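Let me begin by presenting the structure, written as structure tokens, before commenting on it.
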Amino acid sequence: MSEETLLSMENINVHFNTRRGVVKAVRDLSLYINKGETLALVGESGCGKSVTAHTINQLIPMPPGVIESGSVIFQGRDLLQCTQREVQDLRGTQISMIFQEPMTSLNPVFKIGDQLADVFMAHQDMKKKEALAKAVELLKLVKIPSPEKRAYDYPHQLSGGMRQRVMIAMALASPDSGLMIADEPTTALDVTIQAQILDLLNDLKDKVNMSLLLITHDMGVVAEMADRVVVMYAGRKVEEGTVYQIFDNPSHPYTLGLLNSLPSNDKYKNSTRLEAIPGNVPDLLSLGEGCPFANRCNWSSDVCNKSFPGKTELAEGHSIWCHNATKVIAEGTKTNG
Amino acid sequence: MDKLLEVKNLKKYYHISSNNMSSQNAVLKAVDDVSFDLGKGEILGIVGESGCGKSTLGKTILRLHDKTDGQVLYHGDDLFEMKHQEMTALRKQMQMVFQDPFSSLNPRKKISSLIDQPLRIHNYGTPAEIVEKVESIMEEVGINPHYKKRFPHQFSGGQRQRIGIARALALNPEFVVCDEAVSALDVSVQAQILNLLLDLREKHDLTYIFIAHDLAVVEFISTRIIVMYLGKIVEVASKEDLKKNRLHPYTKALFSAFPMTDPHQRDKKEKIVMGDVPSPINPPSGCHFHPRCPFAKDICRQEYPPLKELESGHFAACWLHQES
Ligand SMILES: Nc1ncnc2c1ncn2[C@@H]1O[C@H](COP(=O)(O)OP(=O)(O)OP(=O)(O)O)[C@@H](O)[C@H]1O
Ligand SMILES: Nc1ncnc2c1ncn2[C@@H]1O[C@H](COP(=O)(O)OP(=O)(O)OP(=O)(O)O)[C@@H](O)[C@H]1O
Ligand code: SF4
Ligand SMILES: [Mg+2]
Ligand SMILES: [Mg+2]
Chain A
0 MSEETLLSME
10 NINVHFNTRR
20 GVVKAVRDLS
30 LYINKGETLA
40 LVGESGCGKS
50 VTAHTINQLI
60 PMPPGVIESG
70 SVIFQGRDLL
80 QCTQREVQDL
90 RGTQISMIFQ
100 EPMTSLNPVF
110 KIGDQLADVF
120 MAHQDMKKKE
130 ALAKAVELLK
140 LVKIPSPEKR
150 AYDYPHQLSG
160 GMRQRVMIAM
170 ALASPDSGLM
180 IADEPTTALD
190 VTIQAQILDL
200 LNDLKDKVNM
210 SLLLITHDMG
220 VVAEMADRVV
230 VMYAGRKVEE
240 GTVYQIFDNP
250 SHPYTLGLLN
260 SLPSNDKYKN
270 STRLEAIPGN
280 VPDLLSLGEG
290 CPFANRCNWS
300 SDVCNKSFPG
310 KTELAEGHSI
320 WCHNATKVIA
330 EGTKTNG
Chain B
0 MDKLLEVKNL
10 KKYYHISSNN
20 MSSQNAVLKA
30 VDDVSFDLGK
40 GEILGIVGES
50 GCGKSTLGKT
60 ILRLHDKTDG
70 QVLYHGDDLF
80 EMKHQEMTAL
90 RKQMQMVFQD
100 PFSSLNPRKK
110 ISSLIDQPLR
120 IHNYGTPAEI
130 VEKVESIMEE
140 VGINPHYKKR
150 FPHQFSGGQR
160 QRIGIARALA
170 LNPEFVVCDE
180 AVSALDVSVQ
190 AQILNLLLDL
200 REKHDLTYIF
210 IAHDLAVVEF
220 ISTRIIVMYL
230 GKIVEVASKE
240 DLKKNRLHPY
250 TKALFSAFPM
260 TDPHQRDKKE
270 KIVMGDVPSP
280 INPPSGCHFH
290 PRCPFAKDIC
300 RQEYPPLKEL
310 ESGHFAACWL
320 HQES
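Sequence lines, in order, name chains A and B. Each residue of the first sequence is one higher than the last, beginning at 0 in numbering that gives the first Met the number 0. Each residue of the second sequence is one higher than the last, beginning at 0 in numbering that gives the first Met the number 0.
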């Protein structure tokens with residue numbers, strides 16, 4: 000890595016002890032985010048994206064959750080060794096988070112201006128009047144029309160898109176947002192509003208030089224936003240690369256299948272059927288030590304069910320975790336357009 | 000092409016009791032003067048932002064609730080003129096598949112009794128015939144009949160959607176409205192279900208209305224596409240024509256907002272800035288889109304543009320393309 004790393008997670012394992020058994024939600028996951036960059040974390044529902052984000056923030060409910068092992072190094076400190084208090088301070092100042100459903104994270108009984116002002120007063124020792132002025136400034140930054148008036152609105156008086164912008168404003172209230180974690184920030188919104196929010200995030204990233212961990216299952220959003228991409232499947236990282244490496248040269252059988260499943264793929268211009276991945280995502284409770292994709296994979300062999308594969312590096316920064324990497328790379332590109 | 004359905008000036012209004020003191024009832028025009036034909040074998044996609052009236056239109060066409068005004072002719076007969084008995088018989092022909100068919104179903108019922116329910120209601124046959132039918136449909140939608148004694152929660156999202164489709168197909172309908180039928184599914188499973196819907200259409204000669212907010216999905220599966228805005232159709236064209244030539248500024252803006260799955264395109268794309276959707280109660284005067292439209296002229300603020308055939312089979316409601 001030539002650039003400066005802001006956050007790195009090493010060998011994270013997160014389990015949940017449930018009545019049905021131990022759910023291994025995140026297994027041996029390592030990833031890093033450089034300063035100023037957007038890292039997209041993609042994968043199907045239940046693959047462990049939110050659990051990964053919550054590990055950074057210490058928002059994993061314990062019990063039932065257990066962070067079995069690993070480290071989360073942020074600006075030289077291991078967040079997993081910090082006290083709850085220390086992490087809370089970081090959450091207010093250098094790590095911020097936007098959730099999928101803004102209504103659940105805004106308090107319905109307080110005006111949005113007051114809620115924003117509270118963030119300043121809590122973390123920056125500001126007087127109410129000054130904090131309110133800052134709040135209005137932020138509402139303007141996230142392009143809420145007539146912010147002076149809107150500051151006195153309650154959350155339910157805003158549209159879904161505006162509420163999501165207020166959430167972003169809230170996340171930006173920290174003095175220098177080092178890292179913003181956005182967990183499906185536009186999934187509940189119309190594409191027209193989504194486009195505005197994504198634009199806004201890109202704008203802000205340039206303005207305040209923050210890094211963005213963008214969690215999504217939408218490959219369109221990834222293509223539009225990401226610098227680098229980590230692809231997860233059933234708790235594991237299976238491919239990692241720059242956004243161009245992932246889209247131009249997808250190489251893990253799952254990533255290949257995922258991109259082939261998209262109806263927007265150029266290869267379907269004149270065809271009437273999609274190349275779907277057969278089968279369903281496995282139940283995390285019954286997963287063994289093998290490759291979690293083995294039961295749906297065209298290339299799987301005996302070894303795939305026995306152990307999780309090691310890393311194969313295809314180019315600088317582009318790796319896959321697959322036992323049959325050589326074979327897949329030779330044959331996989333043929334099927335991909 | 001045989002006309003299966005003719006929708007004529009269909010309106011569905013809701014009366015909303017406003018919660019302030021004036022106690023004046025507001026009217027929400029969820030579907031407002033919508034007309035179109037549907038040919039046998041077509042897959043007609045309906046797109047538009049949340050709240051534009053897609054689901055209301057789908058349900059009104061099937062007479063799942065009352066209309067406010069207009070007609071829906073099914074093979075030439077007005078659905079809303081039909082007696083209860085005629086309508087019951089016709090129900091077999093017309094079905095709907097929802098986003099999650101199980102959220103509204105009894106979680107304590109086994110899959111077999113969920114699928115055979117429509118068969119029993121419509122007196123499909125002897126108990127043995129019904130069992131046979133259930134198994135053959137399960138097979139057809141890709142669920143092992145072995146699992147018929149299981150309960151909904153024991154299936155994955157994709158499998159549940161297959162069961163929802165099985166239920167809709169049990170009575171051999173000829174017309175199915177799919178309302179966000181694949182929206183809740185992961186992409187890899189969504190592709191399976193889209194293929195299944197296409198296979199079933201071929202095999203059973205089905206006609207679909209396909210409602211979805213994912214424009215790539217609609218562009219893939221549809222033969223023709225309707226674009227709706229605040230209760231009205233603003234553009235209709237064959238999929239190919241709409242791809243080549245988006246006439247209505249709203250269609251352009253909507254499709255340009257949709258992210259392309261090619262990172263090389265991201266800086267080349269024309270960005271169209273649009274504000275939020277206005278309230279559907281008291282929508283803007285004239286063309287409802289004018290406050291968000293970069294090309295709005297005087298007439299746009301005054302008069303609603305008629306839906307006009309501008310090229311063969313390609314309709315748009317926009318003053319840029321016609322004189323008043
Ligand atoms: N509190 C919990 N108790 C038990 N299991 C949990 C808990 N939180 C998460 N899990 C499990 O961990 C796995 C990963 O969940 P996670 O929320 O990270 O998925 P995700 O990738 O964010 O999915 P989605 O796209 O649906 O948001 C899932 O199988 C989930 O059921
Ligand atoms: N029963 C009802 N009573 C009052 N208003 C209703 C009712 N059903 C729908 N509406 C309103 O009618 C309009 C159209 O709703 P509809 O559900 O048809 O939209 P849609 O296009 O399907 O949206 P989405 O993409 O969110 O599903 C909306 O403004 C909605 O709030
Ligand atoms: S390790 Fe085996 S099962 Fe997993 S992706 Fe590679 S070939 Fe397929
Ligand atoms: Mg999640
Ligand atoms: Mg709807």
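We treat Cβ as the ideally placed atom computed from N, Cα and C, and that holds for glycine. All values reported here derive from a predicted model rather than from experimental measurement.
Starting from the C-beta of residue i, find all residues in its chain whose C-beta is less than 8 Å away, skip the five residues before and the five after it, and write them out in chain order.
| i | result |
| --- | --- |
| LEU214 (chain B) | VAL46, LEU253, PHE254 and PHE257 |
| GLN301 (chain B) | SER284 and GLY285 |
| SER1 (chain A) | Because SER1 (chain A) sits at a pLDDT of 48, beneath the cut-off of 50, its placement in the model cannot be relied upon, and the point is left open. |
For ligand 5, is there any heavy atom lying closer than 6 Å to the beta carbon of residue i?
| i | result |
| --- | --- |
| SER54 (chain B) | yes |
Return no unless some Cβ of chain B is closer than 7 Å to the Cβ of residue i.
| i | result |
| --- | --- |
| SER260 (chain A) | yes |
| THR82 (chain A) | no |
| SER299 (chain A) | no |
| THR37 (chain A) | no |
| MET218 (chain A) | yes |
| ASP189 (chain A) | yes |
| VAL327 (chain A) | no |
Residue i: beta carbon under 6 Å from a heavy atom of ligand 4?
| i | result |
| --- | --- |
| SER250 (chain A) | no |
| SER49 (chain A) | yes |
Beta-carbon of residue i versus every beta-carbon of chain A: anything under 7 Å?
| i | result |
| --- | --- |
| ARG62 (chain B) | no |
| SER237 (chain B) | no |
| PRO117 (chain B) | no |
| GLY230 (chain B) | no |
| GLN191 (chain B) | yes |
| THR260 (chain B) | yes |
| GLU48 (chain B) | yes |
| ILE110 (chain B) | no |
Please determine whether the Cβ atom of residue i lies at a distance below 6 Å from any heavy atom of ligand 1.
| i | result |
| --- | --- |
| THR379 (chain A) | No answer is possible for residue 379 (chain A): it lies beyond the span of chain A, which begins at 0 and ends at 336. |
| PRO60 (chain A) | yes |
| SER44 (chain A) | yes |
| PRO63 (chain A) | yes |
Is the shortest distance between the beta-carbon of residue i and the beta-carbons of chain D less than 7 Å?
| i | result |
| --- | --- |
| ARG265 (chain B) | In the structure shown, chain D does not exist; the protein chains are A and B. |
Taking only heavy atoms of ligand 3 into account, decide whether any of them is closer than 6 Å to the Cβ of residue i.
| i | result |
| --- | --- |
| ASN259 (chain A) | no |
| PRO281 (chain A) | no |
| CYS296 (chain A) | yes |
| SER299 (chain A) | yes |
Following a CB-centred definition, is residue i positioned closer than 6 Å to any heavy atom of ligand 2?
| i | result |
| --- | --- |
| TYR303 (chain B) | no |
| LEU27 (chain B) | yes |
| GLY50 (chain B) | yes |
| TYR13 (chain B) | yes |
| PRO279 (chain B) | yes |
Less than 6 Å between C-beta atoms, sequence neighbours within five positions excluded: which residues of the same chain meet that for residue i?
| i | result |
| --- | --- |
| ASN335 (chain A) | Note that ASN335 (chain A) scores a pLDDT of 44, beneath 50, so its modelled location is shaky; the value from the coordinates is reported in the next line. So the qualifying residues of the chain are LEU255. |
State the DSSP-derived secondary structure class of residue i, mapped to helix, strand or coil.
| i | result |
| --- | --- |
| ILE42 (chain B) | strand |
| ARG26 (chain A) | strand |
| ILE225 (chain B) | strand |
| LEU257 (chain A) | helix |
| GLU274 (chain A) | coil |
| TYR146 (chain B) | helix |
| GLN321 (chain B) | coil |
| GLN153 (chain B) | helix |
| ARG159 (chain B) | helix |
| THR325 (chain A) | helix |
| HIS122 (chain A) | helix |
| CYS177 (chain B) | strand |
| TYR123 (chain B) | coil |
Which same chain residues, not among the five before or five after residue i, have their C-beta less than 7 Å away from its C-beta?
| i | result |
| --- | --- |
| LYS91 (chain B) | HIS121, LEU170 and PRO172 |
| PRO262 (chain A) | LEU273 |
| LEU199 (chain B) | LEU168 and LEU205 |
Any contact between the region 24-37 of chain B and the region 88-97 of chain B? By contact I mean 3 or more CB pairs, one from each, below 8 Å. no
When the Cβ atoms of the region 111-129 of chain B are set against those of the region 144-162 of chain B, are three or more pairs found closer than 8 Å? yes
How do the region 219-231 of chain A and the region 35-46 of chain A stand: do at least 3 beta-carbon pairs fall below 8 Å, yes or no? yes
Contact between the region 133-142 of chain B and the region 161-168 of chain B is defined here as three or more beta-carbon pairs at a separation below 8 Å; is this criterion met? yes
Take every Cβ of the region 6-23 of chain A, pair it with every Cβ of the region 67-79 of chain A, and state whether three or more of those distances are shorter than 8 Å. yes
If you pair each beta-carbon of the region 50-67 of chain B with each one of the region 210-230 of chain B, do three or more pairs fall below 8 Å? yes
Quick one: any contact between the region 178-185 of chain A and the region 209-223 of chain A, if contact means 3 or more CB pairs under 8 Å? yes
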